[in-house]
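The structure under discussion appears below in the form of structure tokens.
There are 2 protein chains.
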Amino acid sequence: MGRKKQIIIIGGGFAGLNAAKSLRKADADVTIIDRLNHHLFQPLLYQIAAAALSPANIASPLREVLRSQKNAYVVMKDVVSINKEGRKVTASDGTSYDYDYLIVAPGASHAYFGHDEWEKFAPGLKTIEDAITIREKILTAFENAEVCPDPELEKAFMRFVIVGGGPTGVELAGAIAEIATKSLSKDFRHINPAQSEILLIEGCSQVLPSYPKKLADSAHKDLEKLGVKVMTDTFVTDIKENGIYIGEKFIPTATIIWAAGNQASPLLKTLDAALDKQGRVIVGKDLTIPDYPDIFVIGDAAHVLNSKGEILPGIAPVAIQQGRYVAKIILKGSEPLKRKPFSYFDKGMMATIGSGKAVAAMGKIQISGFFAWLAWGLIHIFYLIGFQNRTFVLLHWFYLYLVGTRQVRLITRFENLKDKRQ
Amino acid sequence: MGRKKQIIIIGGGFAGLNAAKSLRKADADVTIIDRLNHHLFQPLLYQIAAAALSPANIASPLREVLRSQKNAYVVMKDVVSINKEGRKVTASDGTSYDYDYLIVAPGASHAYFGHDEWEKFAPGLKTIEDAITIREKILTAFENAEVCPDPELEKAFMRFVIVGGGPTGVELAGAIAEIATKSLSKDFRHINPAQSEILLIEGCSQVLPSYPKKLADSAHKDLEKLGVKVMTDTFVTDIKENGIYIGEKFIPTATIIWAAGNQASPLLKTLDAALDKQGRVIVGKDLTIPDYPDIFVIGDAAHVLNSKGEILPGIAPVAIQQGRYVAKIILKGSEPLKRKPFSYFDKGMMATIGSGKAVAAMGKIQISGFFAWLAWGLIHIFYLIGFQNRTFVLLHWFYLYLVGTRQVRLITRFENLKDKRQ
Numbered sequence: 110m111g112r113k114k115q116i117i118i119i120g121g122g123f124a125g126l127n128a129a130k131s132l133r134k135a136d137a138d139v140t141i142i143d144r145l146n147h148h149l150f151q152p153l154l155y156q157i158a159a160a161a162l163s164p165a166n167i168a169s170p171l172r173e174v175l176r177s178q179k180n181a182y183v184v185m186k187d188v189v190s191i192n193k194e195g196r197k198v199t200a201s202d203g204t205s206y207d208y209d210y211l212i213v214a215p216g217a218s219h220a221y222f223g224h225d226e227w228e229k230f231a232p233g234l235k236t237i238e239d240a241i242t243i244r245e246k247i248l249t250a251f252e253n254a255e256v257c258p259d260p261e262l263e264k265a266f267m268r269f270v271i272v273g274g275g276p277t278g279v280e281l282a283g284a285i286a287e288i289a290t291k292s293l294s295k296d297f298r299h300i301n302p303a304q305s306e307i308l309l310i311e312g313c314s315q316v317l318p319s320y321p322k323k324l325a326d327s328a329h330k331d332l333e334k335l336g337v338k339v340m341t342d343t344f345v346t347d348i349k350e351n352g353i354y355i356g357e358k359f360i361p362t363a364t365i366i367w368a369a370g371n372q373a374s375p376l377l378k379t380l381d382a383a384l385d386k387q388g389r390v391i392v393g394k395d396l397t398i399p400d401y402p403d404i405f406v407i408g409d410a411a412h413v414l415n416s417k418g419e420i421l422p423g424i425a426p427v428a429i430q431q432g433r434y435v436a437k438i439i440l441k442g443s444e445p446l447k448r449k450p451f452s453y454f455d456k457g458m459m460a461t462i463g464s465g466k467a468v469a470a471m472g473k474i475q476i477s478g479f480f481a482w483l484a485w486g487l488i489h490i491f492y493l494i495g496f497q498n499r500t501f502v503l504l505h506w507f508y509l510y511l512v513g514t515r516q517v518r519l520i521t522r523f524e525n526l527k528d529k530r531q
Numbered sequence: 110m111g112r113k114k115q116i117i118i119i120g121g122g123f124a125g126l127n128a129a130k131s132l133r134k135a136d137a138d139v140t141i142i143d144r145l146n147h148h149l150f151q152p153l154l155y156q157i158a159a160a161a162l163s164p165a166n167i168a169s170p171l172r173e174v175l176r177s178q179k180n181a182y183v184v185m186k187d188v189v190s191i192n193k194e195g196r197k198v199t200a201s202d203g204t205s206y207d208y209d210y211l212i213v214a215p216g217a218s219h220a221y222f223g224h225d226e227w228e229k230f231a232p233g234l235k236t237i238e239d240a241i242t243i244r245e246k247i248l249t250a251f252e253n254a255e256v257c258p259d260p261e262l263e264k265a266f267m268r269f270v271i272v273g274g275g276p277t278g279v280e281l282a283g284a285i286a287e288i289a290t291k292s293l294s295k296d297f298r299h300i301n302p303a304q305s306e307i308l309l310i311e312g313c314s315q316v317l318p319s320y321p322k323k324l325a326d327s328a329h330k331d332l333e334k335l336g337v338k339v340m341t342d343t344f345v346t347d348i349k350e351n352g353i354y355i356g357e358k359f360i361p362t363a364t365i366i367w368a369a370g371n372q373a374s375p376l377l378k379t380l381d382a383a384l385d386k387q388g389r390v391i392v393g394k395d396l397t398i399p400d401y402p403d404i405f406v407i408g409d410a411a412h413v414l415n416s417k418g419e420i421l422p423g424i425a426p427v428a429i430q431q432g433r434y435v436a437k438i439i440l441k442g443s444e445p446l447k448r449k450p451f452s453y454f455d456k457g458m459m460a461t462i463g464s465g466k467a468v469a470a471m472g473k474i475q476i477s478g479f480f481a482w483l484a485w486g487l488i489h490i491f492y493l494i495g496f497q498n499r500t501f502v503l504l505h506w507f508y509l510y511l512v513g514t515r516q517v518r519l520i521t522r523f524e525n526l527k528d529k530r531q
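Line by line, the protein sequences are chains A and B. For the first sequence, this note's numbering assigns the number 110 to the initial residue and increments by one for each residue that follows. For the second sequence, this note's numbering assigns the number 110 to the initial residue and increments by one for each residue that follows.
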């Protein structure tokens with residue numbers, strides 16, 4: 110019995126998990142290494158921050174997803190380096206894993222344009238823990254406003270600033286507006302949550318910068334209808350614990366959420382390959398790095414151009430297609446020169462702005478409003494992993510949109526909050 | 110317009126919340142002060158630790174529960190002292206609240222019999238954060254066992270020790286046994302979770318010490334059928350990071366859960382009243398402290414005797430009845446000497462041992478097995494707050510008991526775990 114080929118996949122996100130699943134017929138051991146135990150459906154992560162869904166609704170244990178795939182192994186470890194010459198990766202506990210094929214899909218994290226000190230005051234949204242932190246920040250701000258004796262400070266507690274007008278920023282701003290005007294409207298005695306001020310700050314001249322202008326304008330209008338103040342062409346110059354600077358102007362606030370910049374995983378530096386400004390690996394047409402046809406980099410970690418010469422965005426459909434593409438190459442065992450180049454089939458993109466409103470661009474079709482929102486809901490439910498998650502998300506949405514309650518309005522971390530309140 | 114009477118309630122647990130709700134017709138301001146924003150249905154907390162339910166399923170924001178009660182106010186603060194002479198309570202941020210009536214219901218926390226250093230290695234189960242910590246410890250132990258090269262260490266990872274054989278300990282032991290033998294049975298490639306060793310350590314001569322011997326024996330047998338090793342008359346002498354001492358004997362394990370001792374809130378010390386060994390206030394027949402007929406202490410914070418001279422247990426029915434009793438006295442405005450003494454109407458007690466098994470004692474009726482479990486499920490669903498929580502819990506149970514999956518198998522806190530794994 111010969112030694113089985115070893116395929117190592119770093120990261121259980123959309124890219125890594127889809128590669129693993131597409132390798133189910135490979136005559137090889139397929140090992141996914143991730144530092145957490147679950148696959149996260151990131152497109153709905155903002156709904157955890159917005160107290161609409163529970164973490165378990167959009168996360169599935171990798172082991173459970175791959176349970177019946179006999180050649181799949183799951184390892185919960187943190188890979189800290191890749192040794193191209195030795196053909197192995199090493200985890201933080203010192204364990205090494207040899208590979209024949211390596212699929213690198215560690216994703217990206219938020220970046221603060223060289224101002225890492227801002228992170229403490231303006232958390233980003235990438236993991237479940239991030240989402241819970243943001244949820245508790247929002248809910249705690251209302252609680253603090255309710256008992257605040259100083260009217261100016263009360264205003265600061267009821268001001269929410271979101272930095273970054275991409276899909277995450279837009280969806281969060283819409284959700285916070287709905288929390289204030291709908292979910293909490295009758296729950297306080299001293300404050301009126303509907304008087305909250307929600308600012309969405311974007312450096313470009315439109316929100317959703319990568320969307321067609323018509324849709325961006327539509328989203329802009331819908332946000333304003335919800336009460337969000339949209340500030341385009343605006344740059345943050347500094348972030349402090351109690352507020353944010355726009356040029357010289359200081360805006361006091363207790364809640365700042367960062368949805369502005371991404372930086373690919375620092376693990377990629379150990380690959381010793383060319384990186385772009387965001388730390389993504391510049392890969393070839395077959396998604397490998399130069400001279401190493403057995404090392405693939407995919408998902409948010411990869412810098413890939415489409416046929417028009419634009420960089421592919423860090424969204425789920427790109428990651429999924431790349432995962433499947435790489436699996437196909439490995440299954441075929443094609444020689445590097447004979448590999449068909451990766452090409453992205455653009456299914457479009459969509460973002461919601463509160464309940465009942467969304468924008469969607471699919472090829473030449475651009476829609477906005479209720480039907481875009483319905484399409485958004487159906488597509489997200491469809492792509493969720495597991496029948497049970499679908500059941501629970503649907504039920505949560507039913508209660509949210511029809512009955513009007515947010516199920517998950519919990520502040521659970523007393524120890525974390527204590528320091529800030531004292 | 111005269112100043113309204115101020116009723117301050119410290120704590121939004123079963124005791125405090127039921128007092129507040131029963132005061133809905135009081136011509137007074139009723140203010141609940143709690144350091145977190147939600148009421149927690151503690152009898153099902155172990156199911157969060159056991160990855161069966163999400164936190165939001167058994168927790169409801171106090172504001173939402175009291176939304177339509179016009180005279181009710183909710184304040185999220187941490188009360189740190191009570192001034193009996195000045196008739197006010199003070200929160201950690203320095204704010205004071207005057208009261209005409211004070212209801213003290215801050216609950217209890219776990220206690221380590223003078224060994225506070227054990228807490229780090231053997232977390233207890235009182236809050237949602239505690240439950241998530243325990244869930245992550247259990248799931249991480251299996252993950253670590255799966256990748257462990259040392260067979261002895263692997264055994265230690267697959268050994269789970271629960272200290273304390275009361276209802277919480279029994280229910281947790283049963284749930285962990287089911288996680289190992291059912292939920293995870295097909296998810297690992299190197300280990301067989303069914304070979305896990307689950308130890309339940311109890312100092313008394315029977316598990317469920319406060320239950321009739323017949324039921325305790327039945328629970329004992331059911332636990333053993335599930336694969337739990339029950340050790341009665343056994344005392345823990347020391348707890349270390351990597352194991353537990355029983356006398357001189359060291360048992361290596363990565364997961365120790367503390368379900369043994371309770372200590373009432375340290376806030377009670379500021380009352381300057383007589384406390385029992387567990388720090389509970391020894392109250393009079395009307396649940397007030399001597400010489401202060403306007404200060405009531407209820408729930409897990411109170412030391413109250415029943416007609417047989419036994420201390421009432423720290424369970425939900427006692428807290429609920431005390432909350433309602435105190436509200437009635439305040440509503441009537443009865444003079445201290447004319448108050449009817451509190452008497453507990455004992456509806457019985459029940460505990461589950463895995464799915465399909467439970468024990469219940471209701472007066473002279475003692476049942477065990479499937480029908481006790483059905484009764485347990487119905488009663489818990491009935492007492493849950495909110496139709497939505499009931500819907501979601503039922504659906505989770507449906508998937509757990511009929512389909513066999515645990516929805517909430519998440520390890521989310523990479524930063525917390527990292528240190529321990531390196």
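Yeah, the Cβ is synthetic: ideal placement off N, Cα and C, and Gly gets one too.
Query                                                                                                                          : Result
Bounding residues of the alpha helix (DSSP H) (the contiguous stretch that carries B/Ala254)                                   : 237–255
Between the CA atoms of A/Ala369 and B/Leu487 - distance to the nearest angstrom                                               : 48 Å
Closest Cα partner of A/Leu332 within the set A/Met471, A/His224, A/Pro402, A/Glu306                                           : A/Glu306
Segments assigned alpha helix (DSSP H), at least 4 residues, entirely inside the region 141–172 of chain A                     : 154–158
Sequence ranges, alpha helix (DSSP H) only - wholly within the region 262–292 of chain A, length at least 4                    : 276–287
Contact with chain A by B/Thr364, beta-carbon distance below 8 Å                                                               : no
Sequence-distant residues of its chain with Cβ nearer than 6 Å to A/Ser131 (five each side left out)                           : Arg433, Ala436
Proximal residues, the region 147–174 of chain B versus chain A, C-beta separation under 8 Å                                   : His147, Ser163, Pro164, Ala165, Asn166, Ala168, Pro170, Arg172, Glu173
Backbone secondary structure at A/Glu306 - three-state DSSP                                                                    : strand
A/Gln497 and A/Tyr508 closer than 8 Å at C-beta                                                                                : no
Segment contact, 8 Å Cβ cut-off, at least three pairs: the region 274–285 of chain B with the region 330–349 of chain B        : yes
Whole-Å CB distance - B/Ala159 paired with B/Ile271, under 8 Å assumed                                                         : Going by Cβ atoms, the distance from B/Ala159 to B/Ile271 rounds to 12 Å, so no, they are not a contact pair.
Enclosing alpha helix (DSSP H) for B/Ser131 [first to last residue]                                                            : 123–131
A/Val413 beta carbon less than 8 Å from that of A/Phe451                                                                       : yes
Amino acids of chain B, ordered along the chain, whose beta-carbon sits closer than 9 Å to that of A/Asp136                    : Residues of chain B passing the Cβ test: none, with the nearest at roughly 17 Å.
Min CB distance A/Lys529 to chain B below 8 Å                                                                                  : Residue placement at A/Lys529 is flagged as unreliable, the pLDDT there being 41, under the threshold of 50; a coordinate-derived value is accordingly withheld.
Outcome for A/Asn525 when other beta-carbon atoms lying within 10 angstroms are tallied against a minimum of 16                : Residue confidence is low: A/Asn525 scores 44 on pLDDT, short of 50, so the model does not pin down where it sits. No coordinate-derived value is stated.
Residue-chain proximity (B/Asp207, chain A), Cβ-Cβ < 8 Å                                                                       : no
Classification of B/Gly554 by the beta-carbon crowding that lies within 10 angstroms, buried from 16 upward                    : Residue 554 of chain B is absent from the model: chain B starts at 110 and stops at 531.
Cβ distance (whole Å) where A/Cys313 is taken to contact A/Thr341 below 8 Å                                                    : 7 Å
Which listed residue (A/Asp296, A/Gln156, A/Ala217) has its alpha carbon closest to that of A/Thr461                           : A/Gln156
Near-chain A residues of the region 480–492 of chain B (beta-carbon distance less than 7 Å), N- to C-terminal order            : none
Residues of the region 453–472 of chain B with Cβ closer than 7 Å to any Cβ of chain E, in chain order                         : Here chain E cannot be found, since the structure's protein chains are A and B.
Opening and closing residue of the beta strand (DSSP E) in which B/Tyr354 lies                                                 : 352–355
From B/Lys441, B/Gly120, B/Trp485, B/Ala129, residue whose alpha carbon lies closest to that of B/Met532                       : For chain B, the structure presents residues 110 to 531; residue 532 of chain B sits outside this window and is missing.
Chain-order list of residues whose beta-carbon lies under 6 Å from that of B/Ile191 (same chain, five-residue window excluded) : Val198, Thr379, Leu380
is_contact[A/Glu252, chain B] using C-beta, thresh 8 Å                                                                         : yes
Cross-strand partners of A/Lys233 (DSSP beta bridge)                                                                           : With the sequence shown as reference, residue 233 of chain A is identified as Gly, and Lys is not the correct amino acid for it. DSSP output for A/Gly233 lists A/Trp367 as bridge partner(s).
Sequence ranges, beta strand (DSSP E) only - wholly within the region 306–351 of chain A, length at least 3                    : 306–310, 337–340, 345–349
B/Pro445, DSSP secondary structure in three states                                                                             : helix
Buried or exposed (CB count within 10 angstroms, at least 16 for buried), A/Ser205                                             : exposed
CB contact check: A/Glu333 to chain B, cutoff 8 Å                                                                              : no
Residues near A/Lys394 by beta carbon distance below 6 Å, same chain, minus five either side                                   : Pro450
Interface partners of B/Asp296 on chain A, CB under 9 Å                                                                        : Pro170, Arg172, Glu173, Leu175, Arg176, Val183
Unbroken beta strand (DSSP E) run spanning B/Val502, endpoints                                                                 : First-last for B/Val502: 496–506, but that is the alpha helix (DSSP H), not the beta strand (DSSP E).
Cross-chain neighbours of B/Thr514 in chain A, by beta carbon under 7 Å                                                        : Gln497
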